[in-house]
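Heads up: the protein sequence lines correspond to chains A and B, in order.
The numbering of the first sequence is the numbering used here, which starts it at 1 and goes up by one.
The numbering of the second sequence is the numbering used here, which starts it at 1 and goes up by one.
What follows is a set of notes on a single structure, which appears directly below.
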Amino acid sequence: MSIISQLLRFAFYSNFVRTLQKLVRNIKPDDIARLDPGRMLNDSLIEFGLRFWHHGLTISHPQLAEDVFVFSPFFYSVLEANSPEEAYKRVKTWTLRGKIQVDIFSKRYLVVPIHDRSQHHWYLAIVYRPKFVLPYHQASPTSPNPHASGESESMPVEVNDKDSDVAPRTRVCILDSLGGCHPQVTSRLSAYLRLEADAKHQLRDTSDAVERYVRVPLQLNQTDCGVYMLYFAEIFVEYLESSMSAPESQEDSENLWDICRLQHYHRLNQYRMNMTQNFLKTKYCNLISP
Amino acid sequence: MSEEDQQVPPTEEDVKGDNTPINVKVVSSSGEEVFFKIKRSTPLRKLLGAYANKVGKQEHTIRFLYDGARVAQTDTPKSLEMEDNDTIDVMVEQVGGYSP
């Protein structure tokens with residue numbers, strides 16, 4: 001590994017730890033009490049849960065960790081509450097990490113936690129290969145990641161989609177433990193990607209992302225959607241990484257959850273307990289360096 | 001729209017002349033703006049307290065975000081390298097489980 005890539009990885013990692021420790025300082029006893037069974041998770045726990053998972057990836061799967069970008073739980077709320085242009089003005093700087101501009105088109109997975117205010121419900125959108133909204137064969141111009149720029153040759157191209165005979169398309173995968181329908185999510189995220197491509201790369205001729213509903217296990221109570229959401233993010237990103245394509249058929253999705261069905265309920269029960277431990281670990285111990 | 005001055009005792013920074021107040025705009029998700037003047041060394045939690053008071057909300061239900069990242073209790077405009085006329089987004093706690 002070259003010195004530069006080591007330095008980049010170090011900067012990436014230390015930013016991470018700082019962010020996590022900051023998040024933990026903001027978590028109050030009231031928030032922690034929400035980890036008890038039967039309580040609903042709030043934005044502070046959702047953000048901590050996603051970022052802790054992402055931090056774990058920097059150690060277990062460093063390359064994958066660099067391909068993931070986790071958005072704030074408030075990001076989609078801003079997109080939803082404003083016109084696309086107005087919303088973009090407000091979130092334009094949200095891709096900065098410690099004053100360093102992150103090129104989201106160089107990432108493979110954009111993780112977007114979504115809060116439905118009217119239903120008090122959390123669900124998840126994962127934008128898979130956002131760079132495919134850029135003009136065809138236009139890899140991210142500022143991508144520092146050789147993995148990303150060589151990807152179109154080395155990865156299988158998805159050609160099965162009826163509306164894309166040639167060009168691979170960006171997917172917005174929606175994972176909702178209530179099995180809800182959210183047609184507005186893909187159009188809002190597509191509008192965001194269009195404006196981001198224009199503002200950061202001066203690229204105008206973008207295409208829209210394609211919506212994909214992923215069949216997921218449904219929640220059995222009225223309190224666990226946040227826990228399901230964290231669980232889905234973890235399993236689904238690992239699945240996409242290992243299969244290198246978004247599930248195209250119902251069968252694919254079923255296989256995905258079949259593999260972990262046995263562990264599924266056990267893991268959800270464990271999740272709340274683990275979150276408490278992760279919180280304490282971040283607060284009182286030094287996190288392990290990769 | 002309103003303006004408030006945070007009054008804090010002079011610190012070492014003041015003596016060095018590195019603590020001139022900056023203007024900060026706090027914008028809610030619905031776009032309402034409140035303007036504050038704050039010294040660079042003043043913890044932003046004081047601003048959060050003042051804001052919560054002004055809008056009649058409890059402090060623990062309010063989040064300040066700068067460039068989309070949560071502002072921590074101990075952050076100051078200086079530690080975040082904020083500039084004059086910068087914007088802080090204010091968000092309200094989101095809770096989810098599913099309540100039909």
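Even glycine gets a Cβ: it sits at the ideal position worked out from N, Cα and C.
For A/F105 against A/P130, the beta-carbon gap comes to about 5 angstroms, under 8 angstroms, which counts as contact. Taking the C-beta atoms as reference points, A/M275 is found nearer than 8 angstroms to A/L45. The Cβ of A/L195 sits no closer than 8 angstroms to any Cβ of chain B.
Nearest CB-CB separation between A/K28 and chain B: below the 8 angstroms threshold. Annotated as proximal: A/Y109 and A/V237, with beta-carbon spacing under 8 angstroms.
Think of a sphere of 9 angstroms around the beta carbon of B/Q58: no beta carbon from chain A falls inside it, the nearest being about 10 angstroms out. Between the alpha carbons of A/Q184 and A/L64 lies a gap of roughly 29 angstroms. Interface flag for A/V91 against chain B is set, since a Cβ pair is found closer than 8 angstroms.
Annotation: B/L80 is outside any alpha helix (DSSP H) and is labelled neither H nor E by DSSP. At least 8 angstroms separates the beta-carbon of A/L20 from that of B/R70.
Cα atoms of A/L35 and A/L41: separation of roughly 7 angstroms, rounded to the nearest angstrom. Annotation: the continuous alpha helix (DSSP H) that includes A/D198 extends over P183 to H201. Under the Cβ distance rule, A/H61 does not count among the residues neighbouring chain B, no pair being separated by less than 8 angstroms. Annotation: A/L57 to A/K281 spans about 16 angstroms, alpha carbon to alpha carbon. Under the three-state reduction of DSSP, A/V216 is assigned to coil, being neither helix nor strand. Distance from the CA atom of B/I22 to the CA atom of B/D67, rounded to whole angstroms, is 17 angstroms. Among the bridge pairs identified by DSSP, A/L41 is matched with B/G96. For A/F48, the three-state secondary structure derived from DSSP is helix. In chain order, Y128, V210, R212 and A246 place their CB closer than 6 angstroms to the CB of A/R171, counting only its own chain and leaving out the 5 sequence neighbours on each side. Distance from the Cα of A/S72 is smallest, within the candidate group A/T186, A/R97, A/E86 and A/P29, for A/R97.
Proximity of chain A to B/M91 at the Cβ level (cut-off 8 angstroms) is accounted for by D43, F74 and S77, in chain order. The beta carbons of A/L178 and A/Q219 sit about 7 angstroms from each other, so the pair counts as a contact at 8 angstroms.
B/T87 is not a Cβ neighbour of B/K37, given a cutoff of 8 angstroms. Counting of Cβ neighbours within 10 angstroms places B/N19 among the buried residues, the total reaching 16 or more. In this structure B/F64 touches B/L48 by the C-beta definition: roughly 6 angstroms separates them, less than 8 angstroms. Per DSSP, B/K25 is one residue of the beta strand (DSSP E) stretching across I22 to S28. Under the Cβ criterion of 8 angstroms, A/D224 is counted among the residues facing chain B. Bridge partners of B/R70 according to DSSP: B/L65. When CB distances to chain B are screened at a threshold of 8 angstroms, the residues of the stretch 107 to 136 of chain A falling below it are H115, D116, R117, Q119, H120, H121 and W122, in chain order. Under a criterion of Cβ atoms nearer than 9 angstroms, the residues of chain B adjacent to A/M40 are, in order, V95, G96, G97, Y98 and S99.
Between B/M91 and A/F69, the alpha-carbon positions lie close to 21 angstroms from each other. A residue is called buried when at least 16 other Cβ atoms come within 10 angstroms of its Cβ; B/N85 does not meet this threshold and is exposed.
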